[in-house]
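**Student:** Quick note, the sequences are listed as chains A and B, same order. For the first sequence, my numbering gives the first residue as 595, with consecutive numbering after it. For the second sequence, my numbering gives the first residue as 595, with consecutive numbering after it. The structure that follows is given in the form of structure tokens.
Number of protein chains: 2
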Amino acid sequence: MRFFQSWRAAQYDPENKITYPDFPAKVPGNIQQDYAEAFDFGDYIFADRVKQFDAIEDNWWVYSANIDFERKEDETLWFVAEGVDYIFDILLNGKTIYSYEGMFTPAKVDISEAKKGDLLQVVIHPHPKREGAPATRDQADQSCKPPFSYGWDWNPRLMVSGLWRDAYLETRGAAFLRSCEPFYTLNEARDTAQVRFVADCDAPVTYTLTDMEGRVVYSGNSPEVTLNNINLWWCNGQGEQYLYSWTATAGENTLSGKIGFKTLRLVLNAGAYDEPFGFPKSRYPAPITIELNGRKIFGKGSNWVNADMFPGTVTEERYRELLEMAKDANMNILRIWGGSGINKPEFYDICDELGLLVWQEFMLACNNYVGTPHYLSVLEREAVSVIRQLRSHASLAFWCGGNELFNGWSGMTEQSEALRLLNKLCYEEDFGRPFLYTSPLCGMAHGGYFFMNPEDGRDVFEIFAAASNSAYTEFGVPSMAPVEQLRKIIPEGELFPPTPTAAWLEHHGFNAWGPHSWVWYPTIRKYFGEPKNLEEMVGYTDWMQTVGYKAAFEEARRQWPHCSMSINWCYCEPWITAANNAVISYPNIKKPGYYGIKEALRPVMASARIPHFSWKSGELFSAQLWLLNDSPEAVSDILTAYIEINGEVIKDITWETGEVAPNTNKMGPTVNITLPRLSDCDEFTFRVKTKNGAGDSSYRLKFIPDPAAPKVRILNM
Amino acid sequence: MRFFQSWRAAQYDPENKITYPDFPAKVPGNIQQDYAEAFDFGDYIFADRVKQFDAIEDNWWVYSANIDFERKEDETLWFVAEGVDYIFDILLNGKTIYSYEGMFTPAKVDISEAKKGDLLQVVIHPHPKREGAPATRDQADQSCKPPFSYGWDWNPRLMVSGLWRDAYLETRGAAFLRSCEPFYTLNEARDTAQVRFVADCDAPVTYTLTDMEGRVVYSGNSPEVTLNNINLWWCNGQGEQYLYSWTATAGENTLSGKIGFKTLRLVLNAGAYDEPFGFPKSRYPAPITIELNGRKIFGKGSNWVNADMFPGTVTEERYRELLEMAKDANMNILRIWGGSGINKPEFYDICDELGLLVWQEFMLACNNYVGTPHYLSVLEREAVSVIRQLRSHASLAFWCGGNELFNGWSGMTEQSEALRLLNKLCYEEDFGRPFLYTSPLCGMAHGGYFFMNPEDGRDVFEIFAAASNSAYTEFGVPSMAPVEQLRKIIPEGELFPPTPTAAWLEHHGFNAWGPHSWVWYPTIRKYFGEPKNLEEMVGYTDWMQTVGYKAAFEEARRQWPHCSMSINWCYCEPWITAANNAVISYPNIKKPGYYGIKEALRPVMASARIPHFSWKSGELFSAQLWLLNDSPEAVSDILTAYIEINGEVIKDITWETGEVAPNTNKMGPTVNITLPRLSDCDEFTFRVKTKNGAGDSSYRLKFIPDPAAPKVRILNM
């Protein structure tokens, strides 16, 4: 039986063991949020009110509860805290009974000697900060606390801690089932599974396995069972998300979960052995093609960052809402960015159900995590806990050491002890699941994070057409927040035109990464001139984000199978940003860019390789036609392509694709059209229609009118 | 006490336990060599006589000895076989008492029940061969037997096995010292060492430490000692090879060894963070710069392959002879190529003494070693044995999974279980020592293996000047064997002109790797025309190898610190080849190419970047001058450069280098000379003389005379 307690929290003086006036605490949650609520911080997202948290950043805190529970004579009593952020002690009646560093390992403490009404406390130490480091993420480079809360280029510095997952008292009888975990191996044909349950219990355990139609396929005392004619689990777009349910029962205790059967390997991309060519001959790009159940698939999705500045407050409902939107956008993979750490278990359950493959990084990002004895010992404990918690999830695709650790701003290498340790632990605890040291590896790429590269003037169409990476695992096209969202964060008088005021800066409209991110005012001016009002300005950035993401994702798909993955930066955000590469404005507002991605990721679709975004009167427009198919079915269609400008259609051509095999694309002809001279037209659309419904595409492009350009005829064909 | 036995060997029928007529066996050795001697194979190196071994390739064998020893009442008796190649059983009086797969783990078997005269036998199983694999190294891809003996492009297929290391009876009293190993850590200033001995003994152990001057710096019972003001161990060319001697004594038992104190890391090469530039941004080259005792150094050396087709027969004297030549050639590192496996312990002792850093690969090469349960379990046991045997050597620089495993012909990746296992084992057993998955990694390069690339006509001068790799860890320029050596392997009538007869083929004069390797007849003809006789022909290949290796090594040094290592393929050879990239003809004949390398690796030297090898009358010759300094001292000199042709000197120029810092090069001016028109001259020499003795250089280049070329004046200046 579990007994949830009523907790109160307070600031704490560890030297004198003095507890200051207390306030109600939500568990799970984050103590700083409770404090802000109790002490009237107001809407902390508005303007620069987040700075109020600075004053309490280095506090000690204490959670207290006078415990309440019922138990039978022969039961032991335990205090279970599933996750405590980050360094903490557990005290019973003022005496320390447990101490730990790390937020991903449950604390399970025998407190059988406790009586009703006894004082149970969890003391939270100040956040870990490497001595001598500046007040940035650098402070996080000797701890396993996810570094995002130290501040990043899209979220403020807002350091949080506390009982971020459930905490409760638990009574345990003789037949208590401490844990049960299923493991399996598949035969070569992938139609038979050997399932093995590993339970930790002092009493006999019975197991059941039920299929998705509710049929019991096994029930018995043996922890090992062979299942024939199994259904495989597939990611979104490749098949069914078939999950078997299991229960393990000992006396009155039952644990339950799901199993999805799959094999997943990371294999070399097509053509990888040909690069580089000739002598002296170096090595090839790292393997980054997902082979799921023997089928090579294109990975398409987004980078998941923490869904809230207060991760402890995120509920299953919020996860579900965001993840269903990801599935609805035709994604099949999410990269759980290392800087955010690991999500609550519900997140992974939902990914199993929705078919979203999980690229799970450990809690390292953009730092050099030097392998000191203390750091390595904490990392080992925390990593083992994480691996054991997640390894049975069908959606778990592969592990990764963390974000951009091999790049200059981090400075780690294959020789870094922390990464060799993680590789070793994954090998030991989760044999057969791929492990990447970091992203990007050789051949893979991150960036850019703009619609147009200010250094060379190339737009996202040009940048990706010229690139030939094995996987684009981060790339961003920013847009401003929707106007109604901006009103929630920027004082009325500062809304337009945007200037680097405290509110805009705190919300990363400016100076996030160079002076212009993420509003990129100069880019807006270059393509559209000076915007007249906020609505128009936001609209321009939405246009660029929508067409930009569509261009980048479709280009990556066209590069398949040389390129095997496209994952934009990023999906969601932990508070309302003024401008960001994300396509979900906090907490759940779809920006227009979301629909650009959704369109670009349809399993079967017409697509066009368009050389660039902005076109002039008289310029020769050309677009190479493609039929993209990353579905497991063969398709064929007839495509019609034309420009629609000022309500008129210019030159439609048709292309009969013939059969396009499963998970294969086909290149068609290039359409050539000389653009007309016009005077009153700021945009045009290139459309590709499909006769058999494979999926139309349209690209909204910028038009620079020039009545003096060579005269061309507009035809309705 | 150790008792060495007198062994005889025989073919064996395992089913009927029948032993065929026996013959004397050398231990350590290889049973096939004993058999060949006993059954008159003759000089197996000559012509294609090596094929005689085919008939016995799949034999079972047995070693037998009627044991002889003395022991005291209270002593136990052990049979110790330090290495048995490859699958074997140990039998006492016909009963199997021990079975094992793997040649790098000593067998230590308690045979205390044995009496004098008892029959001790070691049954050797047939060589491991993956079922269904062709009769090539492919057969070795599921075992830990080094694959070279299955045949390679410079050595014949000649599969060997047996008691390749010492085997003896050992009596053990109560104070027997089973093992003792020293470990140490240095403080940050590297002047104080914490030494810790780990001994396996049931009696008290006393330890001594003695410095190189013979002073006892520690003597006592504590296994932990702090040494102040230590002397560091340096590799050849960077400082002293300072070694402390230790002994561990328990009763009458003593073990002893050496300690050399050093730190060694692999760090990123200079400028690695700048590559590749711009977005989308991939990762950087792998770290391959050696930082020894905090000093970044240029790694220069050669690839060590097995010194004999019968590795069991190699003695300390043969190792020493070859290794002293390597030191004398100014090398500071040897890459122990994975295909050859691991050498005997004496090899590493000598490397410690001579300052030759050891890049030690595991026994994987050019195959896809799939991680089956059986293979991984053997690999784990064998790798742990290897690591524990070598980790205390001062010369041991870093581990590497094996040769070219990430290249197309192997097909392994970072996800291969075997490599992840090796990484994990090295982390666990030898924390802090770098580990490479394979060579080459991203940025590093192997090849070419020719003086001129037949695909594009570029010679080795051009190839390396155009390359920009982080390390050249294999590259070859072949030459033919010295004439007197050729006479030992090729029948008289076939010596000239070389044609692909059985003898030439078996010795890899032709068809080693494409039709022309390693004689490269077309290249000889291209530069020199048809050779008149064998001596002339060999001389041409020596010329190319000498000047080619000099060019390639010096170019790599000029690319420092972007490039941090240059290791040619290869140093020695296991039998006499007809032509090879090696510079030592088996067993110990220095080819002229050896001196080319020795010259190119002098710590301080004049060098010239010369565009190519072959020059015509009237052509503009240019050479960029350099002073190369990879010594730990600053130098300066005055260089004089000129062409010497037909005994005349053309245009000498001087360059005062000014100070050139330790481990740094300096680029000087480019010399430009229009070549004269001559009719009777086939070569010329470009010379750079140094006034202060930094080290002259000369380059022997090909001249194509043309009296019709523009007239130029020869000047003596």
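All C-beta atoms, glycine included, are put in the ideal place defined by N, C-alpha and C.
(1) Give, in chain order, every residue of the region 1045-1062 of chain A whose Cβ lies closer than 9 Å to some Cβ of chain B.
(2) Quick one: which unbroken beta strand (DSSP E) runs of 3-plus residues sit fully inside the region 628-703 of chain A? Chain order, please.
(3) In this structure, how does DSSP classify residue 601 of chain A when only helix, strand and coil are distinguished?
(4) Can you tell me the Cα-Cα spacing of residue 853 of chain B and residue 672 of chain B, whole angstroms?
(5) Nearest to residue 851 of chain B by alpha carbon, out of B:894, B:888, B:1187 and B:793?
(6) For residue 1209 of chain A versus residue 1259 of chain A, is the C-beta spacing smaller than 8 Å?
(7) Below 9 Å on C-beta distance, what does residue 779 of chain A contact in chain B?
(8) CB residue 695 of chain A to CB residue 964 of chain A, shorter than 8 Å?
(9) Any idea what DSSP makes of residue 795 of chain A, helix, strand or coil?
(10) From what residue to what residue does the alpha helix (DSSP H) around residue 1194 of chain B run?
(11) Taking the DSSP output, what are the residues bridged to residue 756 of chain B?
(12) Would you mind working out which of B:1097, B:1299, B:740 and B:681 sits nearest residue 936 of chain B, comparing C-alpha positions?
(13) Could you run through the region 859-881 of chain B and flag, in chain order, every residue whose CB is less than 9 Å away from some CB of chain A?
(14) Which bits of chain B does residue 1040 of chain A rub up against, with CB to CB less than 7 Å?
(15) If contact is defined by three or more beta carbon pairs under 8 Å, each pair taking one atom from either stretch, is the region 1021-1029 of chain A in contact with the region 1048-1059 of chain A?
(16) Against chain A, with Cβ distances strictly below 8 Å, would residue 1117 of chain B count as a contact?
(17) Based on Cα-Cα distance, which residue from A:1065, A:839, A:806 and A:628 lies nearest to residue 894 of chain A?
(18) Using a beta-carbon distance below 8 Å, is residue 742 of chain A in contact with chain B?
(19) Could you tell me which chain B residues have their CB closer than 7 Å to the CB of residue 1037 of chain A, listed as they occur along the chain?
(20) So, using beta-carbon positions, are residue 1043 of chain B and residue 1072 of chain B closer together than 8 Å?
(21) Select from A:1299, A:961 and A:1195 the residue whose C-alpha is nearest the C-alpha of residue 996 of chain A.
(22) Provide the residue span of the alpha helix (DSSP H) that contains residue 914 of chain A, from first to last.
(23) Counting only Cβ pairs nearer than 7 Å, list the residues of chain A close to residue 1002 of chain B.
(24) Taking only beta-carbon atoms, is residue 736 of chain B less than 8 Å away from chain A?
(25) Using CA coordinates, which residue listed in B:1286, B:676, B:661 and B:1035 is at the minimum distance from residue 685 of chain B?
(26) Less than 6 Å between C-beta atoms, sequence neighbours within five positions excluded: which residues of the same chain meet that for residue 559 of chain A?
(27) With burial defined as no fewer than 16 other Cβ atoms inside 10 Å of the residue's Cβ, what is the status of residue 1091 of chain A: buried or exposed?
(28) Between which two residues does the beta strand (DSSP E) carrying residue 858 of chain A extend?
(29) Could you pull out every unbroken alpha helix (DSSP H) segment of at least 4 residues lying fully inside the region 1079-1160 of chain A, listed in chain order?
(30) Count the C-beta pairs between the region 1148-1168 of chain B and the region 1094-1101 of chain B that are closer than 8 Å, then say yes if the count reaches three, no if not.
(31) Taking CB distances under 8 Å as the criterion, tell me whether residue 1009 of chain B reaches chain A.
(32) What number of angstroms, rounded off, separates the C-alpha of residue 1189 of chain A from the C-alpha of residue 872 of chain B?
(33) Would you call the CB atoms of residue 1194 of chain A and residue 1280 of chain A closer than 8 Å?
(34) Between which two residues does the beta strand (DSSP E) harbouring residue 1057 of chain A extend?
(35) For residue 756 of chain A and residue 655 of chain A, which I take to be in contact (beta-carbon distance under 8 Å), what is that distance rounded to the nearest angstrom?
(36) Residues of chain C with a CB under 7 Å from the CB of residue 990 of chain B: which are they?
**Tutor:** With the given structure in hand:
(1) 1047, 1049, 1050, 1057, 1058 and 1061
(2) 654-660, 670-675, 681-686 and 689-695
(3) coil
(4) 29 Å
(5) B:793
(6) no
(7) Per Cβ cutoff of 9 Å: no residues; residue 779 of chain A is ~11 Å from chain B at best.
(8) no
(9) strand
(10) 1186-1194
(11) B:679
(12) B:740
(13) 859, 860, 861, 862, 866, 867, 868, 870, 872, 873, 874, 875, 876, 877, 878, 879, 880 and 881
(14) 874 and 875
(15) no
(16) no
(17) A:1065
(18) no
(19) 876
(20) yes
(21) A:961
(22) 910-922
(23) 867
(24) no
(25) B:661
(26) In the structure as shown, chain A starts at 595 and stops at 1311, and residue 559 of chain A therefore has no counterpart that could be examined.
(27) exposed
(28) 858-861
(29) 1096-1100, 1115-1122 and 1128-1152
(30) no
(31) yes
(32) 28 Å
(33) no
(34) Where residue 1057 of chain A is concerned, there is no enclosing beta strand (DSSP E), although the alpha helix (DSSP H) it sits in stretches over 1054-1060.
(35) 7 Å
(36) In the structure shown, chain C does not exist; the protein chains are A and B.
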